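Contents: one structure, followed by commentary.
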Amino acid sequence: MIRRNHAKSFDGFKNRMLSKIMALTVIQLISKLNNKNINNLKICIA
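Under the numbering used here, the first residue of the sequence shown carries the number 108, and numbering increases by one thereafter.
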């Protein structure tokens, strides 16, 4: 997911990681509520 660290500080890097984890968690939660497979993230986004 992260190929290169563009953050200028550790706080920026930490915020980037937390936002990615939260986005994936929200997508999985929405998929679970809709009774869909929670591991097909590309299908859920499209």
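We put the beta carbon where it would ideally sit given N, CA and C, even for glycine.
This structure is a prediction, so every number in the text was calculated from the model and none was measured.
Pull up the CB-CB distance for residue i and residue j, whole angstroms please, since I reckon it's below 8 Å.
i: I145; j: Q135; result: 4 Å
Would a C-beta distance cut-off of 8 Å place residue i and residue j closer than the cut-off?
i: L154; j: L148; result: Here the chain has residues from 108 to 153 only, and residue 154 is not among them.
What would DSSP say about residue i, mapped onto helix, strand or coil?
i: N146; result: coil
i: S138; result: helix
i: S116; result: coil
i: R111; result: coil
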